[in-house]
Each structure stands twice: as structure tokens, then as C-alpha cells.
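**Q** Take a look at the following structure, please.
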Amino acid sequence: MSQNASAWAMTLERLEKAAKIAELDPEVTALLREPQRIFVVSFPVRMDDGTTRLFKGYRVHHNHALGPIMGGTRFHGEETLDDVKALGLLMTLKNSLNGLSAGGGKGGVVVDPDSLSKTELERLCRAYIRAIAPMVGTWLDFPGADLGTDSQTQSWFLDELEQMNAMTHNPAAISGKDIILGGSQGRAAATGLGVMFSVREACRILGIQLKGLRIAIQGVGKVGGWAASLLYEKGAKIVAVSDVFGGVCAPGGINVPELLKFVEKTGKVEGFFGAKAINKNELLTVDCDVIIPAAVQNVINTKVASNIKAKVVAEGANGPTTPDGEEVLLSRGIFVVPDILANGGGTTVAYLEKVQNLYECYWSEKEVHAKYEEMFVQCFNEIYKICKEKGISMRMASYVKALKRIELAIKVRGWV
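Below, the structure written as C-alpha cells:
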């Protein structure tokens, strides 16, 4: 497939490949090739200067055979329906893979949230959730946070929904909200925690010590930053990090707590004392044991994959490796922990948040993380077993496991 193929095309390619390996019913495969619902909205937002801007938004319900739709909302200046569809399909697989009673979907708004004031951002959040309200609800679709959204945006979403429904409190309708409104303890670290578990379990499989392991991380945001912090606490050496502006490298290891303070203060990793500046594109090919791409899609293509020096790639971002790039990694014996497994922590804890909301019984951060760890380790071991039995990659094994569960739900419902 072309390196410039769309995210949707690449996701479909992997779906088709996994469906054949899983011997999926062709009618089930046909159902999964297209989202069940696509909502495209345009909505006005009043700016602080009195003008009105029109924004475009999306909400995709890919498949709800396993339960209500669950998936995040992205605010990004270059968001496309194609991306939202691809990520919606991945959410269907991710939710199934993790054993959740939830279907998959995704939402997005074409906006750079950093270009808006706080009041403009609030008005945009409220306008977007009003526009997609017919698609949203506890037993229909409970949106979570994603790129460009956080606990504050989720709290505005929830408040607007409740105001639209005569102030009927319904915390389970939105996940990722502030703890005071029913958000879950441990949510902030959840996706990074999953990445840390991925590295730890991969090292166990390969017989590598986690302590002293040299790790390079692309991205120091909500995923990469937490992964760096958690792995540093486990004794790993974070030898390189990068962001959209540039990167830094220190073969002896970076002081992660100090780095994160520096990033919070300056907004970038460039200039961090005690580390050598590198081009952000060099990050993926530095000398290290583990690479964690935790930023954007399609960064590991055939050229990059041919020059990676790491033994393990743990995908913190969605879709960071192209299909052709992955073929190169696998041919070189590099162990790849795929995105639908590695970055599933946020999804799983979002689901646990809904459970807590419905039961009105809330757990501590330690309890939430322990529940997720138990679910992750069981899932990882089941995937690795399929991987070895069928002689396929961890990604294909993950897809096979997820697809068989979805197929069963579709057939029991009588859809095919």
C-alpha cells in the first residue's frame, strides 16, 4: 500500500487481512467495512470579538453489536471524516479486545483548541454537544476525551446535556469529566499506564530487564508524558524525547520529573539542560531498546522502520505504523505491541468510570489501576498465545481476538 494511503484505507487493509486469518463470516466482514451511522454537523459559535464562526464536527458510530458506542472526541485543526471513521473502527476493535460491553465510535471537530480563548472553547463545546445530542446518551453513545479535549471540555459537554434534559443528572453519559462531577480517579494516567504495562510485558516475553532499559518516546503529552514518568519510576532510562518543535537526547538518561516541569513551564522539550538537542525526526532512529511513538499517525514507514535500532515498539499513539512499515519491523524481528492493546488504558478506565457512575460507588486510583492491570495482563497473555499458535503478529492476533467476539455478538443478534 502507498505510504500516502489514508488512515481509513490502511485500517480497512488490516481488517481484511485479520478477517481472513480469523476465518470471519464474509457477511460480518461486510458489516464492519462501513460505519453504522455518520453524523456530520456544522454549528455557529460566537467569538469574543462579537463575530460568529462556523465549525464542522463529526460523530461516527462504527458498530454497536457489543453495546453502547464508546469513543473519544478530538479537537484538531486538520481533523477529517476519514480519520474519524478509521479511529471509530479501531475503537470497535479496542473495546472488544479489552472485553468491554461497548461498541466503537469516534468524534471530532475541525478546530485548533489553542487558538480559542477559554470562553470561546466553552461555547464551542456546548454548541458541538447540542449539535450531536440525538446521537449521545448513556445507553446510546457516551463520548470520552481524546486529542485536544480534557476533563474541562468533558464537564462542559455533560453540563450542556443535563441542561438540555431539564437538569436531569446523568454522569454516565460522558466520560473523562472532572472527578467532582463523577469522573474516575486514575483517568489521567490511564493511557500512559497501558503503555508502561505493554513495555513491561514485552520485556517479560523477551527476557529483558525493565530496569536500565533505554527508551525513546515521541511525544510528551497526555500519553507520552505519563508513560515516561511511569517507566522512569520503574528504573528505565528515558534516553530521548521529542515533541512538535524538536527533541533532546541523553544516552545516560533524562531526569523525567525535571523534564516534565520544564515542558510545563516552556511548552517544549528543546533547551532542556543536560540533554543534547536533536531533530524531532531523529527520535525514532536513536540508539535505544524501546521506541514509544506517542504522537501522530503514520510516522513509522518503510524508511524509518529500516533504521530503527530498538527491539520493541510500543504504540502509544493511534496508527503510528503504516502496514508496509510494520512488515519491515516484523521482518527484522522487532516486537510490536499494537495501538489497540498498548493505548487501551484510557478506554478501559473510561468504561470503568461509567460503571462507577451507574452504581454510584467510586474507587480509589489504586483500585482503578489494579482492575485495569488485571484486565490488561489477561488480555496480553491471550493475544500472545494466539500470536504463537497462528504464527502471526501481535496486531493480527489482537484483531483476530477482537473480531471473533464481535462476530459472535452480531450472529447472536441475528444481523447475519
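Per our numbering, the sequence shown starts with residue 315, numbered consecutively. Each residue gets a CB set at the ideal place from its N, CA and C atoms; glycine is no exception.
#1: So, with DSSP's three-state summary, where would you put I605?
#2: My understanding is that K715 touches I697, with C-beta atoms under 8 Å, so please give their C-beta distance in whole angstroms.
#3: Might you give, ordered along the chain, the residues of its own chain that have their beta carbon closer than 7 Å to the beta carbon of D426, omitting 5 neighbours on each side?
#4: Please identify the residue among I335, A379, R360 and E337 whose C-alpha is closest to the C-alpha of L345.
#5: Is the CB-CB distance between G500 and V663 below 9 Å?
#6: On a CA-only basis, which of V424, T433, I335 and L403 is nearest D363? Give me that one, please.
#7: Any idea which residues DSSP pairs Q670 with across the strands?
#8: With three or more C-beta pairs closer than 8 Å as the rule, is the segment 496-516 touching the segment 678-696?
#9: Thinking C-alpha only, which one of G381, V553, L430 and D397 is nearest Y372?
#10: Can you check which of these residues, L545, S356 and S678, is closest to V604 by C-alpha distance?
#11: Please find out if some non-hydrogen atom of the ligand HEM comes closer than 8 Å to the beta-carbon of P448.
#12: Note down, in chain order, each residue of its chain lying with its Cβ closer than 7 Å to the Cβ of S773, except the 5 sequence neighbours on either side.
#13: Considering Y676, what are the terminal residues of the beta strand (DSSP E) in which it resides?
#14: Measure the Cβ-Cβ separation of K408 and G658 and say whether it is below 9 Å.
#15: Scan the segment 500-585 and note each continuous beta strand (DSSP E) run of 3 residues or more that stays entirely inside, going in chain order.
#16: Measure the C-alpha to C-alpha separation of Y673 and A487 and round it to an integer number of angstroms.
#17: Measure the C-alpha to C-alpha separation of E476 and E629 and round it to an integer number of angstroms.
#18: Just verifying my parser: in three-state terms, what is the DSSP assignment at H683?
#19: Less than 8 Å between the CB atoms is what I'm expecting for G539 and L574, so what's the real figure, rounded?
#20: Taking the alpha-carbon positions, what's the T599 to A624 distance?
#21: Using the beta-carbon count (16 or more within 10 Å), is P485 buried or exposed?
#22: Would the beta-carbon of T325 fall within 9 Å of that of G633?
#23: Go ahead and pull the three-state DSSP assignment for R731.
#24: Could you check what DSSP says for T635 in three-state terms: helix, strand or coil?
#25: Which runs of the alpha helix (DSSP H) at least 4 residues long sit entirely within the segment 363-390? Give them in chain order.
#26: What are the boundary residues of the alpha helix (DSSP H) that includes K617?
#27: Below 6 Å CB to CB, which residues in the same chain sit around K548 once its five sequence neighbours on both sides are set aside?
#28: Could you please give the first and the last residue of the uninterrupted beta strand (DSSP E) stretch that includes G422?
#29: What does DSSP give as the partner residue(s) for A628 in the beta ladder?
#30: Buried or exposed: where does T463 fall if 16 or more other Cβ atoms within 10 Å of its Cβ makes it buried?
#31: Give the straight-line distance between the Cα atoms of P565 and V553, rounded to the nearest whole angstrom.
**A** Taking the definition as stated:
#1: strand
#2: 6 Å
#3: G391
#4: A379
#5: yes
#6: T433
#7: Answer is none; Q670 lacks a bridge partner.
#8: yes
#9: D397
#10: L545
#11: Summarising the ligand content, the structure contains no ligands, and the ligand HEM is consequently not present.
#12: In the structure displayed, the chain extends from 315 to 730; residue 773 sits before or after that span and is not available.
#13: Where Y676 is concerned, there is no enclosing beta strand (DSSP E), given that its DSSP letter is neither H nor E.
#14: yes
#15: 528-532, 551-556 and 561-563
#16: 14 Å
#17: 36 Å
#18: helix
#19: 6 Å
#20: 8 Å
#21: buried
#22: yes
#23: Limits of the chain in this structure are 315 at one end and 730 at the other, which puts residue 731 out of reach.
#24: strand
#25: none
#26: T616 to N621
#27: L524
#28: G417 to V424
#29: V651
#30: buried
#31: 5 Å
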